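Here is the structure we will look at.
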Amino acid sequence: MAVLDKIRSHSVLLVVVIGVALAGFVIGDLFTSGRTFWDKSERVALSIDGKDISIEEYSARLEQLQQQAERQGQKIGDEQRMMLNNQLAQQYISEYALTKIADKAGVQVTDDELYALLTGKGISPSPLAVQFFGSADEKQVNEFIRQLSDKQIAAAPADQRDQLKSLQQQFIALQQQVRVQRLQEKIGTLLSRSFKINDLDRELALGGASRSVALVRSAASMIADAAAKPSDEEVQKYYDGHKDFFRMQSPMAEVSYISVQVVPSQADYQAAAEEKAKAVAELRAASTVPAVESALRAYASSNKFFDKSYLTGEELDQLGLGADQVAFVKGAAVGEVSDPQLVNDRYDIIKLVG
Numbered sequence: 136m137a138v139l140d141k142i143r144s145h146s147v148l149l150v151v152v153i154g155v156a157l158a159g160f161v162i163g164d165l166f167t168s169g170r171t172f173w174d175k176s177e178r179v180a181l182s183i184d185g186k187d188i189s190i191e192e193y194s195a196r197l198e199q200l201q202q203q204a205e206r207q208g209q210k211i212g213d214e215q216r217m218m219l220n221n222q223l224a225q226q227y228i229s230e231y232a233l234t235k236i237a238d239k240a241g242v243q244v245t246d247d248e249l250y251a252l253l254t255g256k257g258i259s260p261s262p263l264a265v266q267f268f269g270s271a272d273e274k275q276v277n278e279f280i281r282q283l284s285d286k287q288i289a290a291a292p293a294d295q296r297d298q299l300k301s302l303q304q305q306f307i308a309l310q311q312q313v314r315v316q317r318l319q320e321k322i323g324t325l326l327s328r329s330f331k332i333n334d335l336d337r338e339l340a341l342g343g344a345s346r347s348v349a350l351v352r353s354a355a356s357m358i359a360d361a362a363a364k365p366s367d368e369e370v371q372k373y374y375d376g377h378k379d380f381f382r383m384q385s386p387m388a389e390v391s392y393i394s395v396q397v398v399p400s401q402a403d404y405q406a407a408a409e410e411k412a413k414a415v416a417e418l419r420a421a422s423t424v425p426a427v428e429s430a431l432r433a434y435a436s437s438n439k440f441f442d443k444s445y446l447t448g449e450e451l452d453q454l455g456l457g458a459d460q461v462a463f464v465k466g467a468a469v470g471e472v473s474d475p476q477l478v479n480d481r482y483d484i485i486k487l488v489g
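Heads up, the sequence shown is in the numbering used here, so the first residue is 136 and it goes up one at a time.
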């Protein structure tokens, strides 16, 4: 009894100790499992639908792609390396999708079939294999493959082992490429035989793409307004569904204006003729350049501005003057004033000063 009473008095302490111990197991397991998770994620280069590709496998195939690119004369920079990474990832995804489809369809490439595609035993060898081995002769290919075995590599001289191991990795990659290519051919053949041409497809295939049809229609302009009068509801419905057709690019404004053609009167023509005669007389009387400028400043049409510049004959032709005016400038004597005529309600007066 004394022992039981002593245990009862320390029951809280026992519960606490047991709780702490259990917590230690849980926390320790948590850290252990977490470390395992992180260690695993650090070793995974690519995960496709739950299937993990290890860094070692991914790096080996990437190295093969880089070596292949270098053999083709390409320089491997950062941009090229990124392209090869993307290419390799797409290859893994394509191979996974193809394998999954092939498994569901029951399509596979056996080891014997793969060997035949590599060596050409009984069938034509794969073009990939012929390119890799450099020969389609079965005996030569078999001898080449035999030299790539682990036993033969171990027995080879030390200075040749690295090269043989590199060729062995390339041969492994070749097998995968040939297998994938063969699977693609089988799936393609299976799909091509899995559909049936109907009568319409057959007619199109035999008769070409042209067809003769009878089309009956009426132009909207031939329908009388009284025969097709829309209701207010139909108009509103069409407007609600095509508001952008009626949207204006700028706000609409109402402007009232008067359009009047203003032409000179006979009195205006008479006044202009008198002013022209006066200007011609003043210019003929002016014997110096300052006197000519003073005479011109008396008329508003002169704009009180004179461009004192010297022009060649070619530059004079490019001023846009009339042919008669250019001819006068080129043929007149110094001090001579032109006899202006009214052209397009305008008098052009020219005095050659030098």
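Glycine is no exception: its CB is placed at the ideal position from the N, C-alpha and C atoms. Small disclaimer: the values here were computed from a predicted structure and weren't measured.
Cα-Cα, which of Arg314, Ile190, Thr234, Lys274 is closest to Glu248?
Comparing alpha carbon positions, the residue from Arg314, Ile190, Thr234, Lys274 closest to Glu248 is Arg314.
What is the DSSP secondary structure of Leu148, reduced to helix, strand or coil?
With a pLDDT of 39 at Leu148, under the threshold of 50, the modelled position of that residue is not reliable, and no figure is offered here.
In chain order, what residues of the same chain lie with their CB nearer than 6 Å to the CB of Arg419, ignoring the 5 residues before and after it?
Answer for Arg419: Val472, listed in chain order.
For Val390, which three-state DSSP category applies?
Val390: coil per DSSP, three-state reduction.
Closest residue to Tyr482 among Glu449, Leu451, Thr447, Tyr404 (Cα-Cα distance):
Of the candidates Glu449, Leu451, Thr447, Tyr404, the one whose C-alpha sits nearest the C-alpha of Tyr482 is Tyr404.
My output table needs one value for Ser422: the three-state DSSP class, helix, strand or coil.
Ser422 falls in the coil class under three-state DSSP.
Three or more beta-carbon pairs under 8 Å between the stretch 263-270 and the stretch 300-319, yes or no?
Segments in contact, yes.
Stretch pair the stretch 179-197 + the stretch 213-232: three plus CB contacts closer than 8 Å:
Contact between the stretch 179-197 and the stretch 213-232 is present, with at least three C-beta pairs closer than 8 Å.
Would DSSP call Ser327 helix, strand or coil?
Three-state DSSP puts Ser327 in a helix.
Give me whichever residues DSSP pairs with Lys486 in a beta bridge.
Looking at the DSSP assignment, Lys486 forms a beta bridge with Val472.
Do you know how far the Cα of Asp375 is from the Cα of Phe330?
So the two alpha carbons sit approximately 47 Å from each other.
Cut-off 7 Å between Cβ atoms - residues of its own chain near Leu309, not counting five sequence neighbours on either side:
Answer for Leu309: Leu263, Ala264, Phe267, listed in chain order.
Buried versus exposed call for Ile162 [16 or more other C-beta atoms within 10 Å across all chains shown]:
Summary for Ile162: the model assigns pLDDT 39, below 50, so the residue's position carries little reliability; its value from the coordinates is reported in the next sentence. Counting Cβ neighbours within 10 Å, Ile162 comes out exposed, since fewer than 16 surround it.
Reduced DSSP category for Leu200 - H, G, I as helix; E, B as strand; rest coil:
The answer is helix: DSSP assigns Leu200 an H, G or I state.
Going residue by residue through the stretch 198-282, where are the continuous alpha helix (DSSP H) segments of at least 4 residues, counting only ones entirely within it?
Along the length of the stretch 198-282, whole alpha helix (DSSP H) runs at least 4 residues long occupy 213-240, 246-254, 262-268, 273-282, reported in chain order.
On the criterion of 16 or more Cβ atoms from any shown chain inside 10 Å, does Leu318 qualify as buried, or is it exposed?
Buried, because 16 or more other Cβ atoms sit within 10 Å of the Cβ of Leu318.
Would you call Val370 buried or exposed, if buried means 16 or more other Cβ atoms sit within 10 Å of its Cβ?
When all chains shown are included, Val370 counts as exposed.
Inter-residue spacing [alpha-carbon to alpha-carbon] between Val276 and Gln303:
Roughly 14 Å separates the two Cα atoms.
For Val179, which beta-bridge partners are listed by DSSP?
Beta-bridge annotation (DSSP): Val179 is paired with Ser189.
Taking Arg281 and Ile288 to be in contact with their CB atoms under 8 Å, please state how far apart those CB atoms are, rounded to whole angstroms.
That pair is no contact at about 11 Å.
Measuring CA to CA, which of Ala291, Lys286, Leu253 is closest to Glu273?
If we check each option's Cα against that of Glu273, Leu253 comes out closest.
On the CB-based measure, 16 or more other CB atoms within 10 Å of its CB, does Ala412 come out buried or exposed?
Flag for Ala412 reads exposed.
On the CB-based measure, 16 or more other CB atoms within 10 Å of its CB, does Leu339 come out buried or exposed?
Of the other Cβ atoms in all chains shown, fewer than 16 fall within 10 Å of the Cβ of Leu339; this residue is therefore exposed.
Integer Cβ distance of Lys465 from Gly448, believed to fall under 8 Å
Indeed they touch by this definition, with Cβ atoms about 7 Å apart.
Measuring only the C-alpha atoms, how far is Leu233 from Glu320?
Near 11 Å, if we compare the C-alpha coordinates of Glu320 and Leu233.
If you draw a straight line from the alpha carbon of Ser301 to that of Asp238, how long is it in whole angstroms?
Whole-angstrom Cα-Cα distance: 31 Å.
For Gln222, which residues in the same chain have their Cβ closer than 8 Å to its Cβ, ignoring the five residues on either side in sequence?
Shown here for Gln222: same chain residues with a beta carbon closer than 8 Å to its own, the five before and five after excluded, namely Leu200 in chain order.
Given Ala402 as reference, the closest of Glu192, Glu410, Ile484 once Cα atoms are compared
Per the Cα distances, Glu410.
Span of the alpha helix (DSSP H), counted from its first residue to its last, around Val461
Looking at the DSSP string, the run of the alpha helix (DSSP H) that includes Val461 is 458-466.
Relative to the C-alpha of Val397, which candidate in Leu181, Asp480, Pro292, Val244 has its C-alpha closest?
Ranked by Cα distance from Val397, the options Leu181, Asp480, Pro292, Val244 are led by Asp480.
Taking C-alpha atoms, which residue in Tyr231, Ile236, Val478, Val469 lies nearest to Ala458?
Closest option to Ala458, Cα to Cα, is Val478.
Below 8 Å CB to CB, which residues in the same chain sit around Ala240 once its five sequence neighbours on both sides are set aside?
The residues Ile322, Leu325, in chain order, have a CB closer than 8 Å to that of Ala240 in the same chain once the five nearest residues on each side in sequence are set aside.
Would you call the CB atoms of Asp187 and Lys235 closer than 9 Å?
Contact: no.
Segment limits, alpha helix (DSSP H) that includes Tyr373:
Start and end: 367-376.
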